[in-house]
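Peer 1: Protein chains in written order, with my numbering: chain Y, 43 to 316; chain U, 48 to 259; chain D, -15 to 536. Where is the CB? At the ideal position from N, CA and C, for every residue including glycine. A quick note: this is a predicted structure, and the numbers were derived from the prediction, not measured. I'd like to ask some things about the structure below.
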Amino acid sequence: MTHSTGETTDHKPGIEMPKPTVWPMVLALAITLIAAAAALGAWAFAVIGGLLFVVSFCGWMGALLPGRGHESEPLTHPLPTTITGRTGTVEHLQPGMTGYRFRLPEKVHPISAGLKGGVVGGIVMTFPALAWGVLSGHGLWFPVNLLAGLALPSVDDLSVPELEQFRMGLFLIGLVIHVVMSATIGLIYGVMLPTIPGAVKWQIIIGGIVLPLVWTGVSHGMMGIANPVLQHYVDWFWFAISQLIFGLAAAIVVVRSEKIAVMPAGSGTAGERA
Amino acid sequence: MTESSSAPTAVLTESESGPPDPTLGIEARPDVHKVGMACFLASEAAFFSTLIMAYVIYLRHGSHGPTPDQVFSLPMVLGNTACLIFSSFTLHWAEKAHHSGKTNVFRVLWAATIVLGTLFLVGTGIEWRGLIRDHGLTIGVNMFGSTYYTLVGFHAFHVTLGVIALAAVLWLSVRGELRGKSPMPVTLVGWYWHFVDVVWVIVFLVVYVVGR
Amino acid sequence: MATAEIEPAATATPSPPPWTATLHEWLVTVDHKKIGVLYVLMAVFFLLIGGAAALLMRIQLWAPQLTFLPPITFNQFFTLHGTTMVFFVGMPVLIGIANYAIPLMIGARDMAFPRMNAFGFWTTFFGAVLVYFSFLVPGGPPAIGWFAYAPLTENSFARGPGVDCWALGLIVSGIGTTTGAMNFIATILCMRCPGMTLRKVPFFVWVMFWTSLQIVVVMPPLTAALTMLEFDRQLGAHFFDTQAGGSAYLWQHLFWFFGHPEVYILVLPAFGMISEVVPVFSRKVLFGYEFMAAATAAIVVISLGVWAHHMFSVGMSRTLDLFFVAATMLVSIPTGIKLFNWLATVYGGKLVLKSPMLFALGFLSMFVIGGLTGVILACAPIDFQVTDTYFVVGHFHWVLIGGTLFGVFSAIHYWYPKVTGRMLSERLARWQFWLFIIGFIVTFAPMHIAGILGMPRRIYTYGSDRPWEIWNQIATIGALIQAPSYLIFAYNLVVSLWKGDVAGDDPWDAWTLEWATTSPPPPYNFAVIPTVKSRRPLWDLKHPDDPDWKYE
């Protein structure tokens, strides 16, 4: 593109380009004739197509041999106009301009903060859940077996004594569900909580109390569809307690983590001045 | 282009990329022919996957006519398979000979590959004659016939093309056209032949081992 | 800026060469630019043919129990209309535009395999000729629908050679498409100019790379399926012959394993074109290039696993239904990412409302509606109700016209000055745009309602006791509004060759390499191969005080 005219080709007569050739077109025609012969049962087409195929294929391959398929294209065409610079026409994003970051936080928690919150919340919420299992007389394994019912429809068919025993499959499934959900909600907290305006206490109130209450309510309405067996046996008081403990723990871990500054998206160019 | 003082970049032809300018730290470009061949083999793999899948789906479908366990004679097929697998080795050795400049060794090994490929085709022909004559298995008899002849037939068709391509390279070599610094036909035809062999190994396992 | 350009060498040419010489030149060409033009001309030609068939079908559906078209002709027309629009309009026009633009955009002198490029065009074209040859055979063209469900295609139901012409024509043109895709992959991987790493290619180039990968993976299974069909018909095999143990269900899987990715093959290049036009006419850089790039790859990968959402009503297992519902919903996420990135590119920009941008905005507004009806159809229970009704017809026309065709018109209006050295008439383009968008909405919106009211697709007429007449009449009026827009477009393409304003090298003040050479470019594209440092090399040249490579 630096066509500083004249520097181009004083030592070259032209540019080597592939030579026009009829063989690709004839080869395509040959293949089509053979196909037409098959479609119509007209074998004369196949004979002509076959002959053309051999001829054009050999012709094509001949053009691939060194020095046969190229020609020199003379550099006689006009050169493009040189592109000139227009300095001072780039507009940069400034605070207050459309498109400059004006809502998102300038500092965010690292991704690890959300994960940590999820892990801590996930660990502490098991205590009320297990406490409920023991206090209600169903035993330690009852809650995790119920949780596994979210993924395994077969859990619906188990009797209560069966649900009270340790079952490796259900335990692993329940554990995976618990870890994934805790980590996911923790990550969401990591992203979402800093966007809540006001003092830090509002982040804890919303993340620790309001949101757990919201999803407990949603669960209360939906659980019959998502996990009927849990709906059948669950004690909603203890359910809400464990959700609240999760929320508080996760929110506190997230808001206590150190924030890092992000590169403002507004750096760089906004566009051109009109 | 911002540094207009730099010398004009060399002319690009269709087969070579421009010499990388060391000041820019440009990554090397892969060879077009190899990329083209890799794409072609990928599409061939997709094609054969479809045929193999159809074979597997229709395995043991249909109630009448010969079945795989009645008609296949393993010694024949094993001989065929050995030919084709061994031809991959001769081809590999031929390529090595070509790289080290031993032209005559290259031609002998390359010709051996052609012979082995042809033996495979002859073997397939004999096998099919037996299937049709002795067992009455034709493409229209049952689902097994339809899928078997389509799959194995398309593979044999590709072997045929491979033998022709191998022969063309041998012809070029005898005429002395391969002497320059362009081993590309050797490499590309080699890739194709190895691919056809790998397809045969899969076809063999699916049709003659698992599918029996 | 460069519009104040002197008249190019056109005036200097002596007497024009005889037409036979010109014809010969185009028949033997291996120049990617000429081949690109051939592809686009082929597509425009078949667009008019396929459009005429659609118009005749709309007239037949104007009122109950019309006898304008006989039933068999109607069936043949919708088969050819679908086949033509997908294989001989959609793919050729996208491949053709890419063929023209990509070597220029990456600073190369031609495609990686120029002769194979010519071969690709001619197989596509002769394949189309073979399909249309079925008009001359006993029994006429196939009457099987564009997805040719078995066992309708078997000998017992389709006796004439029409189906054979169709299947073999598609195999032949499929060879052309596949070689074209391989050529793109090799070109984009190997022919980029110095400095243009894979992370710095113009976005259209990136999209065509992924689309080509998709073509290479999904076209061969279609070829294999069509081959099996021909073996059934010609050699007596039984792949899809349900009376002899064959399976109609397998055909559906094989066809849609090609057929659904095909939809993305048709729409992804349009995404790429829009991603070139929108930034230039918003005077801003494309928002979120990396996210757009990743979303493209995600669409290509996910769309390989969604095909059976065309088959919910077949009665697959519940597990398969659930899998394909979820996978289909998943595709809408990367697609949504793209849409928001385009909006963010437009947002705050200084919009230049020239014809390419008009069509691009048409795309942004219409495609999202087609996408949303797609999400509706992805829900298996809704699909059970409306599948094979006019709701589906409305949906996919909204995607393929609202998406692909708007994108293609935008791209043609954008690159026409580069190809010909002349500008298209803005006035005609505006007439085309408004007739097109109004006609399009009036045609296809009522189809959704007719579909919800239960009108099956592909019926050649309907009873007067059905509540469909009014919706069909609105749709037909819409088709009559649309029709002139295509004629205006074709007229504009031709007449602007002589009457259009001289374009100059860079009429849009754009930023990618194709605008750094002359219009039309010389056969070798660039006298000196350029070297680039950023995604917008011309921006860097035009704004030396603030080049892009500082930020990338």
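Check whether chain D comes within 7 angstroms of U/ARG283, counting only Cβ atoms and requiring the distance to be less than that.
Peer 2: A query on residue 283 of chain U cannot be resolved here, the shown segment of chain U reaching from 48 to 259 and no further.
Peer 1: If you measure between the beta carbons of D/THR388 and D/ALA254, is that distance less than 7 angstroms?
Peer 2: Closer than 7 angstroms, so yes.
Peer 1: Taking U/GLY187 as the query, report the chain D residues whose CB atoms sit under 8 angstroms from its CB, ordered along the chain.
Peer 2: Here the neighbours are LEU219, GLY220, ALA221 and HIS222.
Peer 1: For a contact defined as C-beta to C-beta under 8 angstroms, what are the partners of Y/VAL132 on chain D?
Peer 2: Per Cβ cutoff of 8 angstroms: HIS527, ASP529 and ASP530.
Peer 1: Return the Cβ separation of Y/LEU179 and Y/LEU229 in integer angstroms, given the expectation that the two are a contact with Cβ distance under 8 angstroms.
Peer 2: It should be noted that the sequence gives Gly, not Leu, for residue 179 of chain Y. Actually they are not in contact, since the Cβ atoms of Y/GLY179 and Y/LEU229 sit about 36 angstroms apart, beyond 8 angstroms.
Peer 1: DSSP on D/GLU498, reduced to helix/strand/coil?
Peer 2: DSSP places D/GLU498 in helix when its eight states are reduced to three.
Peer 1: Please classify U/LEU235 as buried or exposed, where buried requires at least 16 other C-beta atoms within 10 Å of its C-beta.
Peer 2: Classification of U/LEU235: buried, given that the 10 Å Cβ count is 16 or more.
Peer 1: Give the straight-line distance between the Cα atoms of D/VAL251 and D/ALA170, rounded to the nearest whole angstrom.
Peer 2: The straight-line gap from Cα to Cα measures roughly 22 angstroms.
Peer 1: So, U/ILE132 versus U/VAL210, is the Cβ gap smaller than 7 angstroms?
Peer 2: No, these two residues do not count as a Cβ contact at 7 angstroms.
Peer 1: Measuring CB to CB, does Y/ILE227 end up less than 7 angstroms from Y/ALA193?
Peer 2: No. Outside cutoff.
Peer 1: Residues in its own chain within less than 6 angstroms of U/PRO69 by CB, not counting five upstream and five downstream?
Peer 2: The predicted position of U/PRO69 is uncertain, since its pLDDT is 43 and thus under 50; no value can be drawn from it.
Peer 1: Is there at least one Cβ from chain Y nearer than 7 angstroms to D/PHE343's Cβ?
Peer 2: D/PHE343 does not count as touching chain Y.
Peer 1: Could you tell me the boundaries of the alpha helix (DSSP H) in which Y/PRO60 lies?
Peer 2: From DSSP, Y/PRO60 is part of no alpha helix (DSSP H) but of the beta strand (DSSP E) over 56 to 60.
Peer 1: Note down the Cα distance separating D/GLY333 from D/LEU522, rounded to an integer number of angstroms.
Peer 2: If I take the Cα positions, the gap works out to 19 angstroms.
Peer 1: Which class does Y/GLU300 belong to by DSSP, given the choice of helix, strand or coil?
Peer 2: Reduced to three states, the DSSP call for Y/GLU300 is coil.
Peer 1: Along chain Y, in chain order, which residues have C-beta atoms closer than 8 angstroms to that of D/VAL12?
Peer 2: Ordered by position in chain Y, the residues that pass the 8 angstroms Cβ test against D/VAL12 are PRO62, THR63, VAL64 and MET67.
Peer 1: What is the DSSP secondary structure of Y/THR131, counted as helix, strand or coil?
Peer 2: Looking at Y/THR131 - three-state DSSP - the assignment turns out to be coil, as it is neither helix nor strand.
Peer 1: Can you check whether the CB of D/CYS177 is closer than 7 angstroms to the CB of D/ILE513?
Peer 2: Cβ distance < 7 angstroms, so D/ILE513 and D/CYS177 count as in contact.
Peer 1: Can you look up D/SER349 in the DSSP assignment and give me helix, strand or coil?
Peer 2: Reduced to three states, the DSSP call for D/SER349 is helix.
Peer 1: For Y/PHE184 versus Y/GLU206, is the C-beta distance shorter than 7 angstroms?
Peer 2: Yes. Within cutoff.
Peer 1: What separation, rounded to the nearest whole angstrom, lies between the Cα atoms of Y/PHE99 and D/PHE417?
Peer 2: In a straight line, the C-alpha of Y/PHE99 is about 45 angstroms away from that of D/PHE417.
Peer 1: When the distance is taken between beta carbons, is D/LEU114 closer than 7 angstroms to Y/THR74?
Peer 2: Yes, the pair counts as a contact, with Cβ atoms nearer than the cut-off.
Peer 1: I want to see whether chain D comes within less than 7 angstroms of U/ALA89, judged by CB atoms only; does it?
Peer 2: Interface residue, yes.
Peer 1: Starting from the beta carbon of D/VAL156, find every residue of chain A whose beta carbon is closer than 7 angstroms, and list them in chain order.
Peer 2: No chain A is present in this structure, whose protein chains are Y, U and D.
Peer 1: Whose CA, out of D/THR501, D/TYR248 and D/SER480, lies closest to the CA of D/ASP490?
Peer 2: Closest option to D/ASP490, Cα to Cα, is D/THR501.
Peer 1: Assuming the contact rule is C-beta atoms closer than 8 angstroms, D/GLY230 and D/PHE223 should be a hit. Round their C-beta distance to whole Å, please.
Peer 2: Their Cβ separation, rounded to whole angstroms, is 5 angstroms, which keeps D/GLY230 and D/PHE223 in contact under 8 angstroms.
Peer 1: Does DSSP classify D/VAL516 as helix, strand or coil?
Peer 2: Coil.
Peer 1: Can you find a C-beta in chain U that's less than 7 angstroms from the C-beta of D/CYS363?
Peer 2: No, D/CYS363 does not count as interfacial toward chain U.
Peer 1: Out of D/ALA344, D/ALA364 and D/LYS268, state which residue places its alpha-carbon closest to the alpha-carbon of D/ALA311.
Peer 2: It is D/ALA364.
Peer 1: Ignore the nearest five residues each way along the sequence and tell me which others in D/LYS17's own chain have a CB closer than 6 angstroms to its CB.
Peer 2: Closer than 6 angstroms at Cβ, skipping near neighbours: TYR84.
Peer 1: For D/MET75, which residues from the same chain have a beta carbon less than 8 angstroms from its beta carbon, with the 5 sequence-adjacent residues on both sides left out?
Peer 2: Excluding sequence neighbours, D/MET75 sits near THR108, THR161, ILE249 and LEU250.
Peer 1: At 7 angstroms on the CB atoms, spell out the chain D contacts of Y/TRP102, in chain order.
Peer 2: Going along chain D in sequence order, the residues near Y/TRP102 (Cβ under 7 angstroms) are ARG99.
Peer 1: Less than 7 angstroms between C-beta atoms, sequence neighbours within five positions excluded: which residues of the same chain meet that for D/ASP305?
Peer 2: Around D/ASP305: PHE296 and ALA364.
Peer 1: Below 7 angstroms between beta carbons: does that hold for D/GLY144 and D/GLY123?
Peer 2: Yes, Cβ-Cβ distance for D/GLY144 and D/GLY123 is below 7 angstroms.
Peer 1: How about the segment 232 to 241 of chain Y and the segment 268 to 279 of chain Y: do they share at least three Cβ pairs that are nearer than 8 angstroms?
Peer 2: Not touching, per the Cβ criterion.
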